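For reference, the structure is listed below as C-alpha cells.
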C-alpha cells in the first residue's frame with residue numbers, strides 16, 4: 004500500500020472529528036437536522052483550518068445514502084455521515100460524479116463558469132444533491148464572478164454551492180450577499196497540542212513537550228502546517244525521540260540551547276556574550292528574522308507572567324516554570340523597553356534588510372537599558388532639591404564663604420574653611436602697604452565700595468530718580484521677557500544701566516558694534532517700558548563702554564559722579580580682599596562690572 008501523508012491520513016471524515024471550528028459545525032448540523040439546507044455557502048478563513056474538509060463532510064452528510072429522507076436528518080440532533088455507504092466512500096475518495104471540486108486559481112475564466120452553468124441544470128447521477136466546491140474563490144475574474152451571480156442566486160433545487168477563500172475581502176459584495184457566510188478561526192495553542200499528542204500516541208511518535216510546543220508556535224494556529232512539520236521531524240529523526248533542539252534546527256532557528264543562552268545573557272545584560280551567541284547562531288545558518296520573532300514572543304510571555312497571566316503563555320509546564328524565574332529578574336518597565344527595541348529591529352529588517360546588523364544593534368540597545376529611578380524616590384529628590392534651592396535663595400545676599408586651598412609648608416595643600424583664616428594665613432606673604440598713620444587725612448584713600456543696592460522687583464512701586472538702578476534694570480528685563488521680545492533681550496545682554504536722573508535713562512553697551520545693533524525701534528520700546536514704569540515720559544540715551552570708545556563711564560551712587568577707567572581700577576586694586584584674590588590666583592583686573 005502506498006504511503007499516505009500525515010495531513011491526509013488524519014483529515015477529519017465527520018463533523019465530530021473537526022478540531023477548533025465548533026461554531027461552524029454546530030450551525031451546519033442544526034441546519035441539516037432541521038432540513039434547512041441553504042443553496043450557497045461561503046467558507047472564509049486562514050489556510051489549513053478545515054474549510055475544504057468541512058465542505059466535503061457537508062457534501063457527504065446531505066448525500067449519505069442511509070439518510071436521504073429529510074425525516075431521517077431531523078431525528079438526529081447532530082447529523083453525521085455514515086462513512087460506510089457507497090456515496091460516502093466515493094465522496095471521501097474524490098470519485099463522486101455529483102461532488103465537483105474546482106480550483107478557482109486554475110479555472111478562473113468566464114469559459115469555465117459558462118461550462119459550469121451548462122452542467123448545473125443536469126440532475127445528480129446518484130446523490131440527492133449536486134455539490135460544487137469552489138476553492139480559492141477570490142481568484143475568479145470579475146467577469147467569471149458576474150457570470151456566476153444569476154446561477155448562484157437561483158440555482159436548481161438539487162444544487163449546493165460551497166465557496167472557500169482565504170481572502171474574503173476580494174469576493175464581490177454581490178456574491179457575499181447571496182451566500183451564508185462562515186468565518187473559520189485559527190486553532191488555539193491547546194487545541195493544536197492536544198491534536199499533535201493524539202497523533203503521536205496513535206502513530207507511535209516520541210516528541211517531548213518542548214518540541215511539541217515549538218511546533219504549535221510555528222504553525223500559528225494552522226493544523227495542517229503543524230501536521231506537516233511533525234511528519235518532517237519524524238522522518239528526520241529515523242524513529243528516535245524528537246526533542247526541542249531537533250525542532251529548532253529543522254525550523255531554521257538554530258540550536259535551541261543557544262537561543263536559551265541568548266535569552267539568559269539578555270536578562271544579565273551581557274553585551275559581549277549576546278554578540279558571541281548571535282555569531283554562533285549565524286554560523287549554524289539560523290534564520291535571524293525568525294530568531295528575533297522568537298525573542299519577542301519569549302519576552303512577551305515574561306510580560307504576561309508579570310500580570311499573572313500564566314494560562315495565556317504557549318509553552319510547556321517546565322518551560323513556564325523557567326520563565327517565572329526569569330520574570331523575577333526583570334522589571335515591567337525593562338520588559339516594555341526590550342520588546343519595543345526588538346519590535347523596532349524587526350521593522351527595520353523588513354524595511355532595510357541587514358538581519359545580522361539590525362539584530363546586533365537591538366541586542367546592544369537592550370543590554371544598555373538603564374534602571375529608572377522609582378517615582379517615589381524621584382519625588383523625594385525633587386523635594387530635597389527644592390529645599391536646597393530655597394536655602395540658596397535666602398542666602399543670596401550673604402557674603403560668600405570661600406574654601407580655597409592654602410599652600411602648606413611641605414608643598415601639599417590644606418583647606419581653609421573661612422575667609423578670615425585665609426587672610427590670617429596669607430597676610431604675612433602679601434606686600435605690606437605703607438602705614439597711613441602719619442599721612443594727612445586728606446591723602447588717605449578709602450577702598451572703592453560699590454553702593455548699588457540689591458532690591459526686589461516687587462518693591463518697585465513707582466519709578467523716580469531715587470529708585471534703585473539695579474532694581475529698575477531687573478524690572479525692565481522682566482517686562483521685555485514677558486512680552487517675548489527675544490531679539491531685544493539679546494541686545495540688552497551686552498548692556499548695563501549707567502544712570503537715571505528721573506527723566507533720562509542712560510544705557511552703556513560694551514562695544515560700538517553692540518550699540519549699532521540697538522536701533523531706534525529698540526530705543527523707543529525701552530523708552531515706552533520705562534515711561535510706563537515712571538508714569539511719565541522717560542528718554543533713553545545710549546553710550547559705549549570707555550574700553551571701546553575711550554570715553555568716560557558714568558556710575559550711579561544715588562548721586563551721579565564721573566570717574567575715569569584708570570581711576571576706578573586704581574581704587575579697586577587698593578581693596579584688601581581684591582588684593583588677596585589677585586595674589587592667590589596670580590591674576591589681574593580685566594574688567595569691572597557693577
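Numbering (our numbering), first residue to last: 4 to 597. The C-beta atom is built at its ideal place from N, Cα and C for all residues, glycine as well. Being a predicted model, the structure only gives us computed values, none of them experimental.
Helix, strand or coil for residue 125 per DSSP? coil
Looking at the ligand FAD, does it come within less than 7 angstroms of residue 575, judged from the CB to the closest heavy atom? Ligands are entirely absent from the displayed structure, and the ligand FAD is therefore not among its contents.
Rounded separation between residue 207 and residue 235 - CA only: 15 angstroms
Could you give the distance in angstroms between the alpha-carbon of residue 66 and the alpha-carbon of residue 57? Residue 66 and residue 57 have their alpha carbons spaced roughly 14 angstroms apart.
With 16 as the cutoff for other CB atoms within 10 Å, does residue 135 come out buried or exposed? Taking a 10 Å sphere around the C-beta of residue 135, we find 16 or more other C-beta atoms and assign the residue as buried.
Work out the CA separation of residue 546 and residue 517 for me, nearest whole Å. Straight-line measurement puts the Cα of residue 546 at about 10 angstroms from the Cα of residue 517.
Which of helix, strand or coil DSSP assigns to residue 459: Residue confidence is low: residue 459 scores 36 on pLDDT, short of 50, so the model does not pin down where it sits. Its coordinate-derived value is still stated next. In the structure shown, residue 459 adopts coil according to DSSP, grouped into three states.
With distances taken Cα to Cα, identify the nearest neighbour of residue 217 among 354, 297, 244. 297
Which of helix, strand or coil DSSP assigns to residue 134: strand
What's the call for residue 310, buried or exposed, on a 16-neighbour Cβ count within 10 Å? Taking every protein chain shown into account, the CB of residue 310 has fewer than 16 other CB atoms within 10 angstroms, so this residue is exposed.
Residue 251 versus residue 258 - alpha carbon distance: 6 angstroms
If distances are taken between C-alpha atoms only, which option among 160, 348, 491 comes closest to residue 360? 348
Helix, strand or coil at residue 285 [DSSP, three-state]: helix
On the CB-based measure, 16 or more other CB atoms within 10 Å of its CB, does residue 94 come out buried or exposed? So residue 94 ends up on the buried side.
Rounded to whole angstroms, what's the CA-CA distance from residue 165 to residue 102? Just pull it up for me. 11 angstroms
Residue 243 to residue 25, Cα distance in whole Å? 35 angstroms
Per DSSP, the bridge partner or partners of residue 543: DSSP, once it has assigned bridges, lists 508 as partnering residue 543.
Can you look up residue 368 in the DSSP assignment and give me helix, strand or coil? helix
Under 8 angstroms between the Cβ atoms of residue 490 and residue 501? no
Is the beta carbon of residue 43 less than 8 angstroms from the beta carbon of residue 155? yes
Where does residue 231 fall in DSSP's three states? helix
Taking residue 237 as the reference, which of 203, 303, 330, 543 has the closest Cα? 203
Given that a residue counts as buried once 16 or more other Cβ atoms are within 10 Å of its Cβ, and exposed if not, what is residue 51? buried
Check whether the Cβ atoms of residue 84 and residue 63 sit closer than 8 angstroms, and answer yes or no. yes
Where does the unbroken alpha helix (DSSP H) through residue 191 begin, and where does it stop? First-last for residue 191: undefined, no H or E at that position.
Using the Cα positions of residue 117 and residue 81, report the straight-line distance between them to the nearest angstrom. 37 angstroms
Since residue 28 is in the alpha helix (DSSP H), which residue starts that stretch and which ends it? 25-36
Residue burial classification, residue 505 (beta-carbon count within 10 angstroms, cutoff 16): Around the beta carbon of residue 505, fewer than 16 other beta carbons sit within 10 angstroms, so the residue counts as exposed.
Tell me the residue span of the alpha helix (DSSP H) that contains residue 162. Premise fails: residue 162 lies in the beta strand (DSSP E), 162-168, not in any alpha helix (DSSP H).
Is the distance from the Cβ of residue 270 to the Cβ of residue 333 below 8 angstroms? yes
Endpoints, the alpha helix (DSSP H) within which residue 183 is located: Per DSSP, residue 183 belongs to no alpha helix (DSSP H); it is in the beta strand (DSSP E), 183-186.
Bridge partners for residue 6 per DSSP, in chain order? Answer is none; residue 6 lacks a bridge partner.
Just to confirm my understanding: we take residue 643, look at its own chain, exclude 5 residues before and 5 after, and list those with CB closer than 8 angstroms. What are they? Residue 643 is absent from the model: the chain starts at 4 and stops at 597.
Backbone secondary structure at residue 106 - three-state DSSP: strand
Separation of residue 88 from residue 131, as counted between CA atoms: 14 angstroms
Exposed or buried, residue 471, counting other C-beta atoms within 10 Å across all chains shown (16 or more means buried)? Its Cβ being crowded by 16 or more others within 10 Å, residue 471 is buried.
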